[in-house]
Amino acid sequence: MSWPARVVSTELRKIIAYRSDFWVNFLGQTLIQLFIARALWQSIFESNGTGVIGGFTLGQMTLYYLLAPLTMKILMGENIGFLSREIYDGGLNRYLVWPLPPLGYKLLTYLTYSTFYIAQLGLLYTLGRFLLDERPYELSEFLRLVLGMGYLFVAAAGYFCMMCLCELVAFWADNTWTLGVMLRFVAAFLGGAFLPLTFFPEAIRDVIQYLPFAAFVSGPVNLILGRSTPLEAMQSFLVMLVWLPILGLSVRALWKRGNLQYTGVGM
Amino acid sequence: MRYLRLYLHFLRFSFSRAMEFRLDFFFKIIMDCMFYVVNLGFYKILFLTTPMLAGWSEDQTMVFVASYLLVDALHMTVFASNMWWLPYYVNRGDLDSYLTRPVSTLFFVSLRDFAANSFVNLLIALAIFVYALSELQTPYTPGQLVFYLGCVLNGWLLHYVLQMVFIIPVFWTQSGKGFNDFFFSMTMAIERPDLVYRGVLRWLLTLVLPFALIVSFPARLFFGPTTPHLFLHLAFVTLGAWGFMLWFWKKGLRAYSSASS
Chain A
0 MSWPARVVST ELRKIIAYRS DFWVNFLGQT LIQLFIARAL WQSIFESNGT
50 GVIGGFTLGQ MTLYYLLAPL TMKILMGENI GFLSREIYDG GLNRYLVWPL
100 PPLGYKLLTY LTYSTFYIAQ LGLLYTLGRF LLDERPYELS EFLRLVLGMG
150 YLFVAAAGYF CMMCLCELVA FWADNTWTLG VMLRFVAAFL GGAFLPLTFF
200 PEAIRDVIQY LPFAAFVSGP VNLILGRSTP LEAMQSFLVM LVWLPILGLS
250 VRALWKRGNL QYTGVGM
Chain B
0 MRYLRLYLHF LRFSFSRAME FRLDFFFKII MDCMFYVVNL GFYKILFLTT
50 PMLAGWSEDQ TMVFVASYLL VDALHMTVFA SNMWWLPYYV NRGDLDSYLT
100 RPVSTLFFVS LRDFAANSFV NLLIALAIFV YALSELQTPY TPGQLVFYLG
150 CVLNGWLLHY VLQMVFIIPV FWTQSGKGFN DFFFSMTMAI ERPDLVYRGV
200 LRWLLTLVLP FALIVSFPAR LFFGPTTPHL FLHLAFVTLG AWGFMLWFWK
250 KGLRAYSSAS S
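Quick mapping for you: the protein sequence lines, in order, are chains A and B.
Numbering-wise (numbering that gives the first Met the number 0), the first sequence opens with residue 0 and increments by one.
Numbering-wise (numbering that gives the first Met the number 0), the second sequence opens with residue 0 and increments by one.
Here you go:
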């Protein structure tokens, strides 16, 4: 078995090791967020006395809020501290002597988590689609789901790079988990996890379209829901593809600078 | 009096520890400010699509939002760091050293760490609250305001109780992560007016896991009309939640098997 396959299989075993955590997360967390969001929007639809707001029906809005928290979970992959903790306590030493690239290893473990959650999203969306939308299921919807899942995989790699930029600050600062939390707030808000981006004022939307955040939630979710044309989906995906090498090179530069700083004995 | 003196020592240690890590101290302040901006931004954008939310106008909703930011800041300042570490104490057996001390273990593990940085954020949240109140068009008396602040403080304590209820299962499950993540998902229920919840969800969030009582009930009492049953509901559920948490904590301690449980 090659080393990437070994890493993926070890990480998968870790994910399902704590079964109670897994089920509480998978069902409880996702469903409660969905119910709360639906309750809020149902109240807004009723007080406005309309069936469509911002191009969404209540059913579509519910599906949006089913996918948005799952998408955030996919992006976040591993927990905050997956790299900074190792730098802080000297645990990075083992990666430096292993015969494999440390950042490549970290990317692989991160994307294993993301892939696992992508599969969860596919399963839950298909279930939700049959329960919340009465239209007949078409092949094009399945294709959109597959494309959206691929889109999310690339978006997770982009988010990994952003997280790394926050985590690597640990080479210089004592505690950096707050940077990860800040990134999560910004990515969720500007990505459309709290509110679909169509509700944002136009001036803000004009700026967001050039940032990678729209590709984190709004882009893939709208693609899966069929709310964006292939051209619109491609546009936000291309923005992410432009950002990806910029972020990747920044991570590499920071990693090299940080390694010169690293003492290897923990702080 | 002994507990008050002990708490003052906790405060002194916490402030001196916070000042050792200055960059972290400022990062945490910025992080909380970002949380405030995102929450205020969420409702500001939401009100571009609707004139009313669950019967509340924008100025009323902003007082509600400022109130839950205040509750969050209070929680972050006094309890949050302690709540964060408690599952690790149980999992690694570090709780042993707290059990042998001649003070209440619950008092010690809940209040030992005072987050000095969040104290700065508490002042910011207070300023947002004062601003939101100054914009409120609903008339109110000073007495109503004092009563409201009392109810918000009650909500803060209820928030602590609910988080403890989600942490205590770590005595049996070994890992606190799942329940902890679930708790944080549930906190979204605090951030929405309770009148949006209906049916089973309403029953769940106002009786079983009363997150909707933390800020939304006090806000409804404040904006009026004041209904005695609303206050009685708040009082009984709060007492019930405290009683349950204390009972559950004792059960958890009995199940605690010390190091590496």
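Note that beta-carbon positions come from the ideal geometry of N, C-alpha and C, so glycine has one too.
Count the other CB atoms within 10 Å of the CB of B/Tyr-2; is the residue buried (16 or more) or exposed (fewer)? Mapped onto the second sequence, residue 2 of chain B falls at position 3. Flag for B/Tyr-2 reads exposed.
For a quick check, are the C-beta atoms of A/Thr-29 and A/Pro-68 less than 8 Å apart? Taking the first sequence and counting its residues from 1, the one referred to as residue 29 of chain A is at position 30. Taking the first sequence and counting its residues from 1, the one referred to as residue 68 of chain A is at position 69. Yes; because the gap between Cβ atoms is below 8 Å, this pair is in contact.
Contact belief for B/Val-64 with B/Tyr-42 at Cβ below 8 Å, rounded distance in angstroms: The residue given as residue 64 of chain B occupies position 65 in the second sequence. The residue given as residue 42 of chain B occupies position 43 in the second sequence. For B/Val-64 against B/Tyr-42, the beta-carbon gap comes to about 5 Å, under 8 Å, which counts as contact.
Roughly how many whole angstroms lie between the Cα atoms of A/Ala-214 and A/Leu-182? By one-based count along the first sequence, residue 214 of chain A stands at place 215. By one-based count along the first sequence, residue 182 of chain A stands at place 183. Between A/Ala-214 and A/Leu-182, the alpha-carbon positions lie close to 15 Å from each other.
Name the chain A residues whose beta carbon is nearer than 7 Å to that of B/Phe-63? For the purposes of this step, residue 63 of chain B is taken as the residue at position 64 of the second sequence. From the beta-carbon of B/Phe-63, no residue of chain A is found nearer than 7 Å; the closest lies around 13 Å away.
Which chain B residues are close to A/Ala-172, counting only those with a beta carbon under 9 Å from its beta carbon? Translated into positions along the first sequence, residue 172 of chain A becomes position 173. The contacting residues are Phe-20, Leu-22, Asp-23, Phe-26.
By how many angstroms is the C-alpha of A/Phe-34 removed from the C-alpha of A/Leu-126? Walking along the first sequence from the start, residue 126 of chain A turns up at place 127. Walking along the first sequence from the start, residue 34 of chain A turns up at place 35. Each residue's alpha carbon lies about 15 Å from the other.
So which residues of chain B does A/Ala-38 contact, with C-beta pairs closer than 8 Å? If you number the first sequence from 1, residue 38 of chain A lands on position 39. Near A/Ala-38 (Cβ distances below 8 Å), the residues of chain B are Arg-191, Val-195, Tyr-196, Arg-197, Leu-200.
Using DSSP bridges, identify the partner residues of A/Phe-55. Residue mapping note: residue 55 of chain A aligns to position 56 of the first sequence, counting from 1. Answer by DSSP bridge pairing, in chain order: A/Ile-52.
Going residue by residue through the stretch 86-141 of chain A, where are the continuous alpha helix (DSSP H) segments of at least 4 residues, counting only ones entirely within it? As far as the stretch 86-141 of chain A is concerned, its whole alpha helix (DSSP H) runs of at least 4 residues are 92-96, 101-131.
Measuring CB to CB, does B/Met-30 end up less than 8 Å from A/Thr-177? Your numbering for residue 30 of chain B matches position 31 in the second sequence. Your numbering for residue 177 of chain A matches position 178 in the first sequence. For the pair B/Met-30 and A/Thr-177, the CB atoms are nearer than the 8 Å cut-off.
Tell me whether B/Leu-52 sits in a helix, a strand or coil according to DSSP, three-state version. One-based indexing of the second sequence puts residue 52 of chain B at position 53. In this structure, B/Leu-52 counts as strand in the three-state DSSP scheme.
Closer than 8 Å between beta carbons: that is the criterion. Which residues of the stretch 39-55 of chain A meet it against chain B? Within the stretch 39-55 of chain A, the residues whose Cβ lies closer than 8 Å to some Cβ of chain B are Leu-39, Gln-41, Ser-42, Ile-43, Ser-46, Asn-47, Ile-52, Gly-53, listed in chain order.
Could you give the DSSP three-state label for B/Asp-180: helix, strand or coil? Locating residue 180 of chain B in the second sequence gives position 181, where the first residue counts as 1. Here B/Asp-180 sits in helix by DSSP.
Using a Cβ-Cβ cut-off of 8 Å (strictly less than) and excluding sequence neighbours within five positions of B/Ser-260, which residues of its own chain qualify? If you number the second sequence from 1, residue 260 of chain B lands on position 261. Unreliable positioning characterises B/Ser-260 in this predicted model, as indicated by a pLDDT of 44, which lies under 50. The coordinate reading is nonetheless provided below. Its chain contains Val-89, Asn-90, Gly-92, Phe-170, Gln-173 as the residues whose beta carbon lies nearer than 8 Å to that of B/Ser-260, once the 5 sequence neighbours on both sides are disregarded; these appear in chain order.
Out of B/Leu-110, B/Asn-153, B/Leu-85, B/Ile-123, which has the shortest C-alpha to C-alpha gap to B/His-8? Taking the second sequence and counting its residues from 1, one reaches residue 8 of chain B at position 9. Scanning B/Leu-110, B/Asn-153, B/Leu-85, B/Ile-123 for the CA closest to the CA of B/His-8 turns up B/Leu-110.
Contact set for A/Asn-258: own chain, Cβ-Cβ below 7 Å, skip 5 residues either direction: Sequence index remark: in the first sequence, residue 258 of chain A carries index 259 (1-based). Cβ within range, chain order: n/a, list empty.
Would you tell me roughly how many angstroms separate the C-alpha atoms of B/Trp-202 and B/Leu-194, rounded to the nearest one? Residue mapping note: residue 202 of chain B aligns to position 203 of the second sequence, counting from 1. Residue mapping note: residue 194 of chain B aligns to position 195 of the second sequence, counting from 1. Whole-angstrom Cα-Cα distance: 12 Å.
Counting only runs that start and end within the stretch 85-139 of chain B, where is the alpha helix (DSSP H) found for 4 or more residues in a row? For the stretch 85-139 of chain B, whole alpha helix (DSSP H) runs of length 4 or above, ordered along the chain, are 94-98, 104-110, 115-134.
Whose C-alpha, out of B/Phe-247, B/Ala-218, B/Gly-175, is nearest the C-alpha of B/Tyr-87? By one-based count along the second sequence, residue 87 of chain B stands at place 88. With distances taken between Cα atoms, B/Tyr-87 lies closest to B/Gly-175.
State yes or no: is the beta carbon of B/Ser-103 nearer than 8 Å to at least one beta carbon in chain A? As a working mapping, residue 103 of chain B is identified with position 104 in the second sequence. It does not: the Cβ of B/Ser-103 has no partner Cβ on chain A nearer than 8 Å.
Which residues, in order along the stretch 199-222 of chain B, keep a beta-carbon less than 7 Å from a beta-carbon of chain A? Against chain A - using a Cβ distance shorter than 7 Å - the residues of the stretch 199-222 of chain B are Leu-200.
When burial is assigned at 16 or more other CB atoms within 10 Å of the CB, is A/Glu-45 buried or exposed? Translated into the one-based positions of the first sequence, residue 45 of chain A becomes position 46. Flag for A/Glu-45 reads exposed.
Cβ-Cβ distance between B/Phe-166 and B/Leu-245 below 8 Å: Indexing the second sequence from 1 puts residue 166 of chain B at position 167. Indexing the second sequence from 1 puts residue 245 of chain B at position 246. With the sequence shown as reference, residue 166 of chain B is identified as Ile, and Phe is not the correct amino acid for it. Taking 8 Å as the Cβ cut-off, B/Ile-166 and B/Leu-245 do not qualify as a contacting pair.
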